[in-house]
Amino acid sequence: MTAELARPTPVASATITGTVSDPSGYPLVGITIVLFEGGRGEAGMRLDTTTTDDIGGYRFTRVRATAGDDCRVEATDESGAHVSTCSTLTVGAGATTHHTTMPVAGHVQGRVVIQDGSTTRPATHVCVTAAGENVVQAVNVSARGTFRIGGLPAGKYTLLFHDDVHLDDGVSAHWMSVTVAAARTTTIEDQVRPSASQN
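In this text, residue positions in the sequence shown follow the numbering used here: the first is 295, and each later residue adds one.
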């Protein structure tokens, strides 16, 4: 008679709770928390999504997982005031507690205009990319040519200005360097780009 191999004990309704705070321990409200199966670097299926409450707490119930499985927790501040984080936890046989600390982020903002002869107008079809160490974020400028990128860890970045998919102005990309500080907004001088007729 062949003995059966021991199987992992399934967790029919695992519970994962925790808090999200800034480095000083202040609880963060309204943070988006996404739970994935698998650890860091794994694709993993999304299991659930929630937001932190008025004391920075979050709670997932009836998580379909097996004791000993790894899950990934991604925390995002939609306001851009804090740096998004990704961490892993191991599901226990009962309730699992997992706390997260989000670093304070910096912002960079500015305006892009098109030089058309002696006049300027807002650049409406330009994408601005902020690229730093292990960080890349991009936004399209507004109808007024303005942009604001948040959620950036403190450090040095390369800002790349290039036409978006519309290729409206037909101008080539250019770049500049900028330093971003935590809890501060760095405003750059207006970026002037030539019109398509001047290329």
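Using N, Cα and C, we set each Cβ at its ideal position, and we do this for glycine too.
Note that this is a predicted model, so its numbers are computed, not measured.
Q | Runs of beta strand (DSSP E) wholly within the stretch 381-460 (minimum 3 residues, chain order) | A | Complete beta strand (DSSP E) runs here, min 3: 389-391, 400-410, 413-416, 420-426, 429-434, 440-446, 449-457.
Q.
Can you find the residues in the same chain that come closer than 7 Å, C-beta to C-beta, to residue 380, ignoring five residues on each side of it along the sequence?
A. As a first step, residue 380 is located in the sequence shown; it is residue number 86 there, counting from the start. Result list for residue 380: 334, 366, 368, in chain order.
Q) Alpha carbon to alpha carbon, how far is residue 356 from residue 338? A) On the sequence shown, residue 356 is found 62 positions in, with the first residue counted as 1. On the sequence shown, residue 338 is found 44 positions in, with the first residue counted as 1. Take the alpha-carbon of residue 356 and the one of residue 338: they are about 18 Å apart.
Q.
Considering Cα atoms alone, identify which of 476, 440, 437, 417 is closest to residue 446.
A. Counting from 1 along the sequence shown, the entry for residue 446 is found at position 152. Comparing alpha carbon positions, the residue from 476, 440, 437, 417 closest to residue 446 is 476.
Q: Classify residue 402 as buried or exposed, calling it buried when 16 or more other Cβ atoms lie within 10 Å of its own Cβ.
A: Locating residue 402 in the sequence shown gives position 108, counting from the first residue. So residue 402 counts as buried.
Q) By DSSP, does residue 320 sit in helix, in strand, or in coil? A) On the sequence shown, position 26 is the one that residue 320 refers to. Coil at residue 320, not helix or strand.
Q) If you draw a straight line from the alpha carbon of residue 370 to that of residue 450, how long is it in whole angstroms? A) As a first step, residue 370 is located in the sequence shown; it is residue number 76 there, counting from the start. As a first step, residue 450 is located in the sequence shown; it is residue number 156 there, counting from the start. Using only the alpha carbons, I get a separation of about 21 Å.
Q: Give the DSSP bridge partners of residue 364, in chain order.
A: One-based indexing of the sequence shown puts residue 364 at position 70. Residue 364 pairs with 384.
Q | Test item: CB-CB of residue 417 and residue 406 under 8 Å | A | Numbered from its first residue, the sequence shown carries residue 417 at position 123. Numbered from its first residue, the sequence shown carries residue 406 at position 112. Contact flag set, yes.
Q. If residue 345 and residue 374 are in contact, beta carbons under 8 Å, what's the gap, nearest whole angstrom?
A. Locating residue 345 in the sequence shown gives position 51, where the first residue counts as 1. Locating residue 374 in the sequence shown gives position 80, where the first residue counts as 1. The Cβ separation is near 16 Å, so there is no contact.
Q) Do you know whose CA, among 399, 408, 438, lies nearest residue 431's CA? A) Here the question's residue 431 lines up with position 137 in the sequence shown. By alpha-carbon distance to residue 431, the top candidate from 399, 408, 438 is 399.
Q | Distance, residue 360 Cα to residue 330 Cα | A | In the sequence shown, counting from the first residue as 1, residue 330 sits at position 36. In the sequence shown, counting from the first residue as 1, residue 360 sits at position 66. Going by the C-alpha atoms only, they are around 13 Å apart.
Q. Less than 8 Å separating the beta-carbons of residue 358 and residue 341?
A. Looking up residue 358 in the sequence shown gives position 64. Looking up residue 341 in the sequence shown gives position 47. The answer is yes: Cβ separation under 8 Å.
Q: Using alpha carbons as the reference points, say which of 326, 488, 388, 364 lies closest to residue 347.
A: Taking the sequence shown and counting its residues from 1, one reaches residue 347 at position 53. Looking at the Cα atoms, 326 is the closest of the given residues.
Q: Assign residue 439 to buried or exposed, taking buried as 16 or more other Cβ atoms, counted over all protein chains shown, within 10 Å of its Cβ.
A: As a working mapping, residue 439 is identified with position 145 in the sequence shown. Of the other Cβ atoms in all chains shown, 16 or more fall within 10 Å of the Cβ of residue 439; this residue is therefore buried.
Q: Helix, strand or coil for residue 518, going by three-state DSSP, please let me know.
A: In the structure displayed, the chain extends from 295 to 493; residue 518 sits before or after that span and is not available.
Q. When you compare only the Cα positions, how much space is there between residue 415 and residue 364?
A. Within the sequence shown, residue 415 is the residue found at index 121, counting from 1. Within the sequence shown, residue 364 is the residue found at index 70, counting from 1. Approximately 52 Å between the Cα atoms of the pair.
Q) Does the distance from the C-beta atom of residue 474 to that of residue 481 stay below 8 Å? A) By 1-based counting over the sequence shown, the position of residue 474 is 180. By 1-based counting over the sequence shown, the position of residue 481 is 187. No.
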